Each structure stands twice: as C-alpha cells, then as structure tokens.
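Protein chains in written order, with this note's numbering: chain A, 1 to 445; chain B, 1001 to 1980.
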C-alpha cells in the first residue's frame, strides 16, 4: 500500500483539507457551478409546483406506459448512491485503506443521490400527499399497507438506506468537524462547526466509540446496499410484464447500481481533484482502481443483458420473445443500441492500464456509462411497458418539457447539495488520511 | 363598489332571471346584473377591500336588505304555471333515490328508436332501449346513448335571439302575428325548410299550415336520408314504397353497399335479427358484402369484396344477368371474378324465398330498383322483405327552395332544426343565399351556423323535454313524452307551429293529444295512458302488397364504366357525429369511430395501395379536388378500402357547433354536390407536404399469435367442436380458489355477435360518469373508456377480415393488479369482483402496468368536470365521480349488482338470473354481452361459458379471467374455396 499512500505528513493533511473548507479557494468555478445548480433546482421547484397543481398528467405518461421518466430517474439516482456506500463501508470492512481519500465525497454522493431519488417515488404518485399510506401506522380505519406489493418494501428499503447512509456519513464527519472547529478563525465558523462536532474532544473514549459505531454502521450499510437494489429490482420483476418478470433482476440491478455508482464517483472525483488540486490524495492509482471496479461491474451488467436475451428465447415464451424482439428492433430499438454502445462497448477501453490512468478518458467513459445506465432503466421500463400482451394496447411514450424538467432539475438539486458539501465540509476524510500517514497503520494494510 | 344603485341592480337582476327558468347559480347580484364595473372588480386582487372602502352605512344596509329579499330569487322562477299539487303522500311508485323509467321515443341519425329513460328524482340520466319496441328490443347503440348528454349540454341555445341579441318569445309572438297579417290569405312568400319529418303530429301540422296558407311552401332536406332508396322504389314499383327487411328469415344476404347494421334506419333491430341467425348451433346465415369502404356490415361479412362504389352497379348487373333476370345485360368489368358472381348467384338461387338483396343509400336509384327486382325474382318479396307505404313527403326539396331563393320569391323562411348553412350541397350555396332572405327564422337546439344568419333564432326543446310523436322505420308509432320541464326557454316544434298559426292557447301536450284523439278515434284516457306506458301508440302496420316490379328501367340504364385508374370520392355520414348535428357531444366525439378508431376528427380514408402509390402516411394532408372545389384533409390508411376509392365522412369542420365541437376536422360538404351526393367520380389528389397528428386510440391492428380474437369457419367448428376450447387451458395454481361467495359474477362476450358499434362504450360512459378528456389527451393515450372495442385485421391489407373485440375489465380471479398495489386499493370481493377503492388509491399506477389487458384507466389530470352545473345533473348518483390521481376501471356495474342485492334481500330471495343487466349488456344491439352468476349452471352466462366456442383472453397467464369470449364463426361459401 505504500505506493498508494499520500505523501503528506500528518498536519499537512489537516491543513490542506481544512483550508479547502475554511478558506474556500477556487470560488469562481464554484460560483459558476452554483448558478447552474440553482437554475436547475429552480426549474425543479417550478416543476413540483405545477405537478402538485395539475397532476402527473403534465408528464408524458399514458396507458400503457404509466411509468416513465420519474421511475427511471428514481432508479438511476438510487443506483448512483450504491457505490458510495460500497466504497466507504464494504472496503472499510475489508480493510482496503486506499479508499480513505475517496470515501468522504463518495458517501456524500450517496446521501445526496438517495435523497434526490427518494423524491421521485413520492412525486410520481397520482396523489402524492397520501404517500404516507405506504407506512404501517396504526389508524382507526384499521387499514394497513398491502404487504405483497414490492412497493411497500421498497418504501422501507429507501427509508432505511437513507437513514443509515446519513448516520454513517455524519458519524464519520464528527472528528473532522472538530478539526475544522479548532482551525476556524472566525467566531461564526467556530460555532457552526462546534455545534456539528457534538463536543468531540478527541479523548480515547471518543475514539473507541467512534470506531465501534463506524464498524456497526458499516456492517449495517453493506447488506443494505444489496437489499435496497434487490428491492428496486423486485418492483419490476414482481410484475408479469414481459421484460420485467425475470429472476435475474435483483443481482442484475445490484450490478447496475455499482456500475453507475463507480461511474458517478469518477465523474465527480476527477473534476474535484483537478479544481482543488487533490492529485496527491486522489491519485491516478485511485482512478485505476475505480475504473477496474467499473469495468467489473459493467461486465456483470453486460452478462445480464445477454442472459435476458438468451432466457427469453430459451424459455420459448412467445411474449418474452416478442418483448426482446421489440427491445432490439422495436420503436425503442435505438435505446437498446445506445445502451450497448455506452455500457458494453465504451468500457472495453478500460482493459488497458494506460487508459485507466488517463483522467479525461476515464471521465468521458464515466459520463457515457451514466447516460447508458439511465437509458438502460428507460429501456427496461418504457421499452417493456409500451409493448405489452395485447397488440391493441401497444402505445408509445413521448416526454414533455416537465419530464425533462424533473430529470435536469434533479441533477441541479444533486449538484446544489454537492456544491454546498464541498464548500462547507471536508471533501476528504482527514481522520482516515491521517491514519494512513502513520507508518504502523500502513504496514498493517 | 358598483356604479349601480341597489334598486337598479335588483331591477336588472330580476330582468335577467326572467330570461331563464329553473335555478340559475350566481355569486352576487352584480354579477347577475352583469355590471361592467363589478366585472372589473371581480378581476381585482382584493375586490372585497375595494367595495368595503367605498361603502357607507346606509348603502350597506340597503344592500343587506336586498340580499335578504332576493337571496332566494332563483327559487321564485320555479315550476311553470298550471296546477300545483303539494306532496301530501308519496306518489305511487316513486321513492326518492330510486330511479323511475318512462317510455318514450327518440329520433337519432335518420332512425327512430323506442327507449326507456331513467329518471333520478326528476333528472333524466340514462337511456335504455324499450324491450317492447320492435325497433329496439331493449337495445340502443351509441347515438341514442349520447342523447342524455345533449340534453344537459351547457352550450344549448337558451333563449330566443333577435339578430343575435337576447329577446323573448312574447316579442316573437308579435312577429308571428305580423307574419300572418302580411301573408294574407294566400301565404305566398312563406317558405318552411325542415329536416325529414318523422312525427305524425308535425305532418298534420304541416298539412294544416299548407291548408291555411296555400301559397306557402314546405321543403324537406336531410343531408343523410333515404332519397335514393325512395327513388329506387319509385323506379321499381311506380310509388315510393319503404322496404322492411326481415333479416331473421334470410339464409343468404347480399349487401350492395347496404350498411344495414351501421347506418341504415332500423339498424338496431337489424343487428338483433342478424345476430340471431349467426348462432352456429342453428342454421347460420351467410352474408356477402360488396362495398367501397369497410362498414360494420362489411366487417361481419362471410365474403367481403371491395369495389369502387361506381363498380357495384356493374356487379349488380352482372349478377342479375347470371340470375337470369329478363332485360338485364351484363356489361362486365366490375372487378368481381366470374367465379364469385356464379357462386353468389347459385347461393341466392339455392335459397329462393330465404335470400335477400339489399342496396345501400350510397348506391344510385337503379341499383335499389334492381335489388327490388332481384328480390321479386328470387321470391323473397313478402318473406325476407316486405313493403310499407312511405310517409307522405313534403312537396318541395332543397333544389326547389334554392330556385325560389334565387328568384327572390322568399319573403320569410322558417328553418326548423336544419343547419342548412353548413350542410347544404356545394352546388346550392345556401350560406350566401340565406343572407338575402328578408326574414329568416331559425328554430333549433343550438345557435349554429344557420342561426348566425337568422333574424330570429328560437331555441328548440330537447326531445326529452317535449311532447311529440315519432314513427319508426317499420311503421311503429310512439308518443314522445317529456322527462323534465324545459331547462331553458325552448319550445317544441309543435308549439312553434301552433304559434305561427296563431294558436297560443295550446301547449305541446294538448297538440299531440288532440292529434292522437283524432287518429285513434274515440280513444279514451286509458288508451292514452296505455300507449304512454308501453311506449307504443300504434303498432307497425301490416305490409302493403307492392305492385309487380317494372323492369323497363333496366333497358335504359347503363352504369357508366369508370376507367380503372379513376379515383372516386365517397361520402358517408360520420359514425358518431352523423351529419354534424352531434358535433358538440363530447361522448360521441371521443368515442373511437368503429373501424378507424379515430376520435375528435374525420379523415380521408385511403387504401393501402393508394397510400403506397402516393407515399402517404397516416395524418399526411392531401388536397382533394373535384368540380372546381378543393378540400384539404389528413389521410388515414384504411385496410379493406377499395383501391381507387377515397372516403370522407360528413359532420366535421363545424364553425359554430359549440365549445366542444367547433373547428374539428374538415368540412366535406364543399365537395358534395346534390347530383353526386354519395360518390363523386374523377377526383384528383395532391400532397401538401404537411402532416397532422390524428387522435387514434389504437395504433396496432395486426394480431400477433396467439390471436386475441379467435375465429373459425362453420365447417371447421362442425368437424372439430373443440377447435377453440382445446387451447384454453388454465394452468395449475398453488393458491386456493377465491373465497366462494354466494354468487360468482362473470361475463361472456360473443365475438360472433358483436358488430363493433361501440354502443357499449357510450352506455358505460353514461352509466359510470366517465369523463371526456379531449383530443389532446386522446393523442396522449389517456382516453377513459372502461369498455373499449378493439379492432383487429387479419389477412392482406387490401381486403382483410375485420374483427371487433369489446374489452372490459376481466375481473381475474388471480388478478395481477391486486398483488402490486402497495395500499390495497384494488381488492377482491367474495363474489369475484375485482373492486377499485377510489378513496384508498394513491395513484402508483403499478396496477395498470401489471394488467395484461390494459383495461385500467388513470385520471392523469382533473378530467371530471366539477364546475359545469348542467353536467352535474346528468351524472349517475350511484357512481362516484373520480378526481385526478386515481385509477379506475370497469366494475361490472357494481351499483346495479348492489341494487339487485338490496331488492333480493328485501324480498328474501336469491338474485335471479337476469336481475342484473350491466350497462354495456343492456345497450348491446346483438346481445353479445351476457352477465350473471357463473356458479348457477342454469344462468345464461354459465350456459354461454359452457359453449365450445368459449375461450379466455391470455388464459396462459393464469389470471383466470371472469370475462370470457366466444369465438367468432364465419360461414364462407364452400363453392368459393380459396377464392373467398
């Protein structure tokens, strides 16, 4: 691990990272990005107001395509969250210490992506103000959720995942917040970080509890990574629609989640290290490792595509065969072939170690994968719904400006939160990095 | 505050309220008085503040007193004069909340139907057929079902208009008096134009008017009528006999463009009779159809041959020659192969006395005459067809009136319920001629294109608001009785004619009653009551013996052979808006037109071959040119359309139809001449390069295996009785059967009977308060019909076989929708109904995604109109009105099931078979839909389910649907073999 270890000394790490949060250099690109994020978020807010006033009919959904952009956006965002948890929790449990320079922003990405994704299942409802009916709360009517529906379990899965992610992220932040409190020059910042640091004094007792809690939360988060996305997959495979009704969906969706998550980690990390000059922390080796994982996840997803097609023909079920034929050559055939280009072809470049260390190329491939994964969900949802059982009920979906508004707006919202994060909070985990700076820690891993 | 003093506000308010009867809803006196200042204030952000600031104490108290005194002003305009009897004890047979039914009759789309109207506490909400009426037998169809919406249409004309300004009937009475003075004894200069008169009282009033004013002239014009049939009878018999078909006796039917199931008068009874002869377990009839554009009749044919409309006459001549009719010489070249002509001739000859040849209105008179000759030749006259003396027609037609207008003979023209400014043929430019009429008086239901030109527009009563009488196609005459006092200031045509004659004492009831007393002789009150109760005043007369046919016309008639590449343009009444009169009816606009599945618009129907020649796609706009007139129309590619024939439907392009119906589609009348009313030869088309998106509800028409519609031939079914049912295997299941309730509701749809008229869709819409969503939402595939009628093609696009399939909710026993709803808003009840709990639905739409039949409908936006007062009165109080964000679907008319439960519980008995009739079932002209308890082996539906033709849609999915289908059976002529 020595090769991967950042060369900075103990205090230099704290100084460098706190400087970013306390002095916020590079404010020009930050403000530019912030304006974009605010505009997009504003568009999202307008969209929500119009949606609440008029109904989900402002989108292009119809019968038969009753789910489209909103659910695609939902699955896409929640999947992006997966990689963050995986990097911080699973690699933590497996003692992959190189993750230390990635885990903070990756976890932040998780929290924000899950928060954004959670909006969609609520706003996509015909009557969103009744979303809480999914919760099993005691009531005089004695009505409970319908437990056979995957959507109920999905509701729990998102909620649990969001709560655990926020806790894990926040617990990890506490010592760093204390560092910022100590280094803050103004009274306001001292109070701000002081309150957030919850009185952390760096006592041995604190450290001991911090370590055990981190371990417990990591232990909770890792199974959640798998369960949440399996649950999302069951939202579809529970249905009897050709193209949805498939047992491979849970692992396939988990693989897809890692795939897009690693892609997003790269797409966020590469500009971040460029603007903030973090090349010493987020090294080419990190890019190489993330790209390798993205390749591995991508290959698993590609296997899923192949199996989906194979199983349709192997089953001999004429509806499944018709569904696959429609996916490959139907009205939305272009979506499938774009997905193949993005998710199958582009990642093959990552076999080359040289390319894996070229930030620009990896960044572009990451973007392509994100596009491809969004289209893949669109293909699975719209591409299956438009071509159901009865030919009389086949029908197209055409997005409206509000479909676009919610997609672009959700990106704006994510960007807004991420920008606030890099502005006010330590983008790298000082605690973890300081551990790496000590020789005995490095020798252990 | 308002510029008006309180007393002037009150004066104006009262004046305006006098202009309307019944409760008018208003928010403030100023609004009612239509004060411009108040209107401006209403627009202000805080009008309350403005009014308070400018108001002193005295002013406030004045207003307060005025509000108290006139708060109930609307109530004061209550029931019209006459004797009022207070409700001391509940009237016999009436329970608040329990609907009552009244028999009446309804004229619609060139036909007359006896109906029962459901009245809910005085509000007519739904029509059913009158089971005793021979034109209905209890069934209706789409156009009659929509009559209720027409009654409650807020766009109806509400008060007399004098040059476009509100006026009163009293003022018009003075005009009428002056008119009588000016007309003097003779009445020359007085012209009346009416639609085709179907009311005996109207005919008597017409005769009285012409007797009183011998110089006056009465003209009848109907854009879609039976003029050709009448002239054809004149040719064949020397007098205008009306044919009455007995399809139930016909073993072999040849239709020469006769759409006897679709738009011919008597269609509902025809459909019942036809379906009765299509049961494969009894001798099944055989139907040959030759037509230019697919019709409902063509879709049911065993052999359907596509010919240009002009070539059908040639085919008829060939057939007559083959049949050995004296004087007929075939000219050849109809496009029907000699083998087919021979085969159909042999089939007709083999069924002498039980065959039937019918000619459609779109065919010229000689073809009708030839059909009469053939029926006589085949010995069918008096058996499968008999004849009635026609109604006495008015002396004049539209061309005569046009001449009079051009000669400036017309002093006063009274237009009775005819939108002549819109629907006149292109060669009779009425829209221009009417502008020069010294006095034009228009009486009609809407302020339409003609009303806009009129000096006086008088509001008509709706047929559910007035007394009248109607004579059906078969001669059965019914008294029309009102279900509700006129909503607005309308008067019936009888009252108007009486007013014109100077008789202001009689109301509609006494005019009609008087006529019937004179007709029935010493009819007492009991007979009158009896005729009202049954809905039939005079039974159908016995057939008149027609004179032998005259065949001289055959020698002189040489159907013109059109060049093979000549393009023909045919006109048809629109299947839903007819000649344009129903344009403002949202239910009819949104009903997918049978065969095209288009809504809210018409299109130029072209054959796939023509589309290929001109490289046209659906929605491409073309220019049609004929006789110097041009027309731009979007095309719709119609499988089964004759190769060189283009069809356009009348009734669109209305400019003043109302808020719903104006400016939709294109107006086809400018290409239609009186000489070539149904088919124009030698049209040219050019592409414009533009394209529009038409609102169709079904984009995919080709069936994929396994076909949703199963069809076998009679021979196949005889050879292998299990040919349909053997694939219908329900897979095993781990789950227990649904908990058995006392009843197990189920439905069957007989595809062999269904003619695809879509009466079920509108009946369901009326019964279940289904909203209208508009063209834009239909384009977005958000139509709301709970029962849709899918239409599929099989075979070559040039001449495919056409199938209809009504699809309601299947009420699956293993319902995929129930499994996926996270809040349990769709659940199963113990009687097998898959019920939707609107209150609980949060709108995830997963149920719709998981429904393999896609029968669920979602309120994507606020589709139900919650603000228009008159539409509220139309709704069925037994069915919830759904708001946005909620899923809905067919309930098997659960409100009717519950009603039967209550009735049976009160009588402490089981619900008997037939106690529950769903709305779709009741409306169906062919009784294709059966509903009942499938656990009772003696129920109709259980018997239907036991049929060897029964199959379940997508049975392999193990949804175990409670709705089953019976396969269609065709009975092709074995002699034709592959040359079908």
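The beta carbon of each residue, even a glycine, is placed where N, CA and C say it ideally should be. Please read these numbers as outputs of a predicted model, since none were measured by experiment.
Report task. Would you give the residue range spanned by the beta strand (DSSP E) that residue 1776(B) belongs to? Result -> Counting from 1 along the second chain, the entry for residue 1776(B) is found at position 776. Residue 1776(B) -> not in any beta strand (DSSP E); alpha helix (DSSP H) instead, spanning 1775-1779.
Report task. Using the Cα positions of residue 1763(B) and residue 1144(B), report the straight-line distance between them to the nearest angstrom. Result -> Along the second chain, read from residue 1 onward, the residue named residue 1763(B) stands at position 763. Along the second chain, read from residue 1 onward, the residue named residue 1144(B) stands at position 144. Those two C-alpha atoms are separated by around 9 Å.
Query raised in the report: Using a Cβ-Cβ cut-off of 6 Å (strictly less than) and excluding sequence neighbours within five positions of residue 238(A), which residues of its own chain qualify?
Result: One-based indexing of the first chain puts residue 238(A) at position 238. Correct list, in chain order: 150.
Requested in this report: Would you grab the beta carbon distance between residue 1711(B) and residue 1967(B) for me? Rounded to a whole angstrom, and I think it's under 8 Å.
Outcome: Start at 1 with the first residue of the second chain, and residue 1711(B) comes out as number 711. Start at 1 with the first residue of the second chain, and residue 1967(B) comes out as number 967. At roughly 6 Å, the Cβ-Cβ gap stays under 8 Å, so residue 1711(B) and residue 1967(B) are in contact.
Requested in this report: Just the chain B side, please: which residues come within less than 7 Å of residue 67(A) by C-beta, in chain order?
Outcome: In the first chain, residue 67(A) corresponds to position 67, counting from 1. Those are 1845, 1849, listed as they occur along chain B.
Query - Spatial distance of residue 275(A) from residue 1860(B) (CA atoms) - result: Residue numbering aside, residue 275(A) sits at position 275 when the first chain is read from its first letter. Residue numbering aside, residue 1860(B) sits at position 860 when the second chain is read from its first letter. When rounded, the separation of the alpha-carbon atoms in residue 275(A) and residue 1860(B) is 45 Å.
Query raised in the report: At a CB-CB cut-off below 9 Å, which residues of chain B make contact with residue 127(A)?
Result: Here residue 127(A) corresponds to residue number 127 of the first chain, with the count starting at 1. Neighbours of residue 127(A) on chain B, chain order: 1841, 1842, 1843, 1883, 1884, 1885, 1886.
Query raised in the report: Over what stretch of residues does the beta strand (DSSP E) that includes residue 121(A) continue unbroken?
Result: As a working mapping, residue 121(A) is identified with position 121 in the first chain. Run containing residue 121(A): none in the beta strand (DSSP E); it sits in the alpha helix (DSSP H), 103-123.
Query raised in the report: So what does DSSP say about residue 1971(B), is it helix, strand or coil?
Result: Sequence index remark: in the second chain, residue 1971(B) carries index 971 (1-based). If DSSP states are grouped into helix, strand and coil, residue 1971(B) belongs with coil.
Query raised in the report: chain A beta carbons: is any one of them nearer than 8 Å to that of residue 1830(B)?
Result: Taking the first residue of the second chain as position 1, residue 1830(B) is located at position 830. No, residue 1830(B) does not count as interfacial toward chain A.
Query - Distance between residue 78(A) and residue 1297(B) (C-alpha atoms, nearest Å) - result: Reading the second chain from its first residue, position 297 is the one you call residue 1297(B). Reading the first chain from its first residue, position 78 is the one you call residue 78(A). About 56 Å.
Query raised in the report: What residues from chain B crowd round residue 95(A), counting only those whose CB sits closer than 7 Å?
Result: Locating residue 95(A) in the first chain gives position 95, where the first residue counts as 1. Those within 7 Å of residue 95(A) in chain B number zero; the least Cβ separation is about 40 Å.
Query - Which of helix, strand or coil DSSP assigns to residue 1244(B) - result: Residue 1244(B) sits at position 244 when you count from the first residue of the second chain. Note: residue 1244(B) maps to strand in three-state DSSP.
Query raised in the report: Listed from N- to C-terminal order along the chain, which residues in the region 1794-1825 of chain B have their beta-carbon within a distance smaller than 9 Å of any beta-carbon of chain A?
Result: 1805, 1807, 1816, 1818, 1819, 1820, 1821, 1822, 1823, 1824, 1825
Query raised in the report: Is residue 1357(B) helix, strand or coil by DSSP?
Result: Looking up residue 1357(B) in the second chain gives position 357. Strand, per DSSP.
Query raised in the report: Using a beta-carbon distance below 8 Å, is residue 1965(B) in contact with chain A?
Result: Residue numbering aside, residue 1965(B) sits at position 965 when the second chain is read from its first letter. Taking Cβ atoms only, chain A never reaches closer than 8 Å to residue 1965(B), which makes this a no.
Query raised in the report: Interface residues of chain A around residue 1466(B) at Cβ under 7 Å?
Result: For the purposes of this step, residue 1466(B) is taken as the residue at position 466 of the second chain. In chain order: nothing, as chain A lies at least about 40 Å away.
Query raised in the report: residue 1456(B) bridges to which residues according to DSSP?
Result: For the purposes of this step, residue 1456(B) is taken as residue 456 along the second chain, with counting starting at 1. Residue 1456(B) is bridged to 1162(B), 1441(B).
Report task. Quick one: grab the DSSP three-state call for residue 1723(B). Result -> Within the second chain, residue 1723(B) is the residue found at index 723, counting from 1. If DSSP states are grouped into helix, strand and coil, residue 1723(B) belongs with coil.
Requested in this report: Following the continuous beta strand (DSSP E) through residue 72(A), name the residue where it begins and the one where it ends.
Outcome: Here residue 72(A) refers to the residue found at position 72 of the first chain. The continuous stretches of beta strand (DSSP E) do not include residue 72(A), which lies in the alpha helix (DSSP H) extending over residues 69-85.
Report task. Go ahead and pull the three-state DSSP assignment for residue 1191(B). Result -> On the second chain, position 191 is the one that residue 1191(B) refers to. Note: residue 1191(B) maps to strand in three-state DSSP.
Query raised in the report: For residue 1858(B) and chain E, any beta-carbon pair shorter than 8 Å?
Result: In the displayed structure, chain E is absent; the protein chains listed are A and B.
**Report entry** Which of helix, strand or coil DSSP assigns to residue 1697(B)
**Finding:** Translated into positions along the second chain, residue 1697(B) becomes position 697. Coil.
Query raised in the report: Name the chain B residues that come within less than 8 Å of residue 131(A), Cβ to Cβ?
Result: Within the first chain, residue 131(A) is the residue found at index 131, counting from 1. Under the 8 Å cutoff, chain B gives 1842.
Query - Reference residue 1303(B); option with closest CA among 1768(B), 1415(B), 1713(B), 1863(B) - result: Position 303 of the second chain, counting from 1, holds the residue named residue 1303(B). Taking only the C-alpha atoms, the option nearest residue 1303(B) is 1713(B).
Query raised in the report: What residue range is occupied by the uninterrupted alpha helix (DSSP H) comprising residue 252(A)?
Result: Residue 252(A) sits at position 252 when you count from the first residue of the first chain. Start and end: 249-275.
Report task. Specify the secondary structure class of residue 12(A) as computed by DSSP and reduced to three states. Result -> As a first step, residue 12(A) must be located in the first chain, where it is residue number 12. Residue state, collapsed to three classes: helix.
**Report entry** Partner residues on chain A for residue 1698(B), Cβ-Cβ distance less than 7 Å
**Finding:** The residue you call residue 1698(B) lines up with position 698 of the second chain. Residues of chain A passing the Cβ test: 392.
Requested in this report: Could you please give me the residues that DSSP links to residue 1645(B) through a beta bridge?
Outcome: Counting from one through the second chain, the residue named residue 1645(B) turns up at place 645. In DSSP, residue 1645(B) forms a bridge with 1568(B).
Report task. Helix, strand or coil for residue 1854(B), going by three-state DSSP, please let me know. Result -> Here residue 1854(B) is taken as the residue at index 854 of the second chain, counted from 1. Correct three-state label for residue 1854(B): coil.
Query raised in the report: If we count the other Cβ atoms within 10 Å of its Cβ and call it buried at 16 or more, is residue 1672(B) buried or exposed?
Result: Translated into positions along the second chain, residue 1672(B) becomes position 672. Result: buried.
**Report entry** Complete alpha helix (DSSP H) runs within the region 1482-1514 of chain B (minimum length 4 residues, chain order)
**Finding:** As far as the region 1482-1514 of chain B is concerned, its whole alpha helix (DSSP H) runs of at least 4 residues are 1493-1500.
Query raised in the report: Cβ of residue 1669(B) less than 8 Å from any chain A Cβ?
Result: Taking the first residue of the second chain as position 1, residue 1669(B) is located at position 669. Not an interface residue.
Requested in this report: Apply the 10 Å Cβ neighbour rule to residue 289(A) and answer buried if 16 or more other Cβ atoms are within range, or exposed otherwise.
Outcome: To locate residue 289(A), count along the first chain from 1; it is residue 289. Burial call: buried.
Requested in this report: Please name the residue, chosen from 1207(B), 1474(B), 1226(B), that lies closest to residue 1269(B) on a Cα-to-Cα basis.
Outcome: As a working mapping, residue 1269(B) is identified with position 269 in the second chain. If we check each option's Cα against that of residue 1269(B), 1474(B) comes out closest.
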